[in-house]
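Following: one structure in structure tokens, then a few remarks.
In this note's numbering, the protein residues as written are 6 to 139.
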């Protein structure tokens, strides 16, 4: 069974084996801005966010699942468990060509907020979504 829980410092070595995005995982864990999906002691994925990172509201900036565990519902489980750590309006975004991410976001009840051009190096649109968490 996979559980989603607040990340702890001892999770860092496992997270570092598959984190693909820039940023400071140590700070995210210490500041309690990361949730992990764990199964039998193994971290399968994580989500992290910036407090007040998008127009003054919390912004999810990372959702990562180990490649061998993708398409098994881990990302969806993490997304639907965010209310254990966050409340209120939260934003998330992805590039327009990432149809897998868009499908996941839409399947977990996020509302499309719009698209911004000029954020990505190739001028591709970044698609933003919001959701109210309780």
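Ideal Cβ positions, reconstructed from N, Cα and C, are used throughout, including at glycine.
The structure presented is a predicted model; accordingly, all values stated were derived computationally and were not measured.
Does residue 73 come out as helix, strand or coil in the three-state DSSP assignment?
Position 68 of the chain shown, counted from the first residue, corresponds to residue 73. DSSP places residue 73 in helix when its eight states are reduced to three.
Determine the extent of the alpha helix (DSSP H) in which residue 105 is found, giving its start and end residues.
For the purposes of this step, residue 105 is taken as the residue at position 100 of the chain shown. Residue 105 -> alpha helix (DSSP H) spans 104-112.
DSSP on residue 93, reduced to helix/strand/coil?
To locate residue 93, count along the chain shown from 1; it is residue 88. Correct three-state label for residue 93: strand.
Alpha carbon to alpha carbon, how far is residue 39 from residue 121?
Your numbering for residue 39 matches position 34 in the chain shown. Your numbering for residue 121 matches position 116 in the chain shown. Going from the Cα of residue 39 to the Cα of residue 121 covers about 26 Å.
In the structure shown, what three-state DSSP assignment does residue 86 receive?
In the chain shown, the residue the question calls residue 86 occupies position 81. Residue state, collapsed to three classes: coil.
Could you give the DSSP three-state label for residue 80: helix, strand or coil?
For the purposes of this step, residue 80 is taken as the residue at position 75 of the chain shown. Helix, per DSSP.
Rounding to the nearest angstrom, what Cα-Cα distance links residue 44 and residue 50 in this structure?
Numbered from 1 along the chain shown, position 39 holds the residue referred to as residue 44. Numbered from 1 along the chain shown, position 45 holds the residue referred to as residue 50. Roughly 10 Å between the two C-alpha positions.
What's the C-alpha gap between residue 12 and residue 130?
Indexing the chain shown from 1 puts residue 12 at position 7. Indexing the chain shown from 1 puts residue 130 at position 125. Between residue 12 and residue 130, the C-alpha separation is close to 31 Å.
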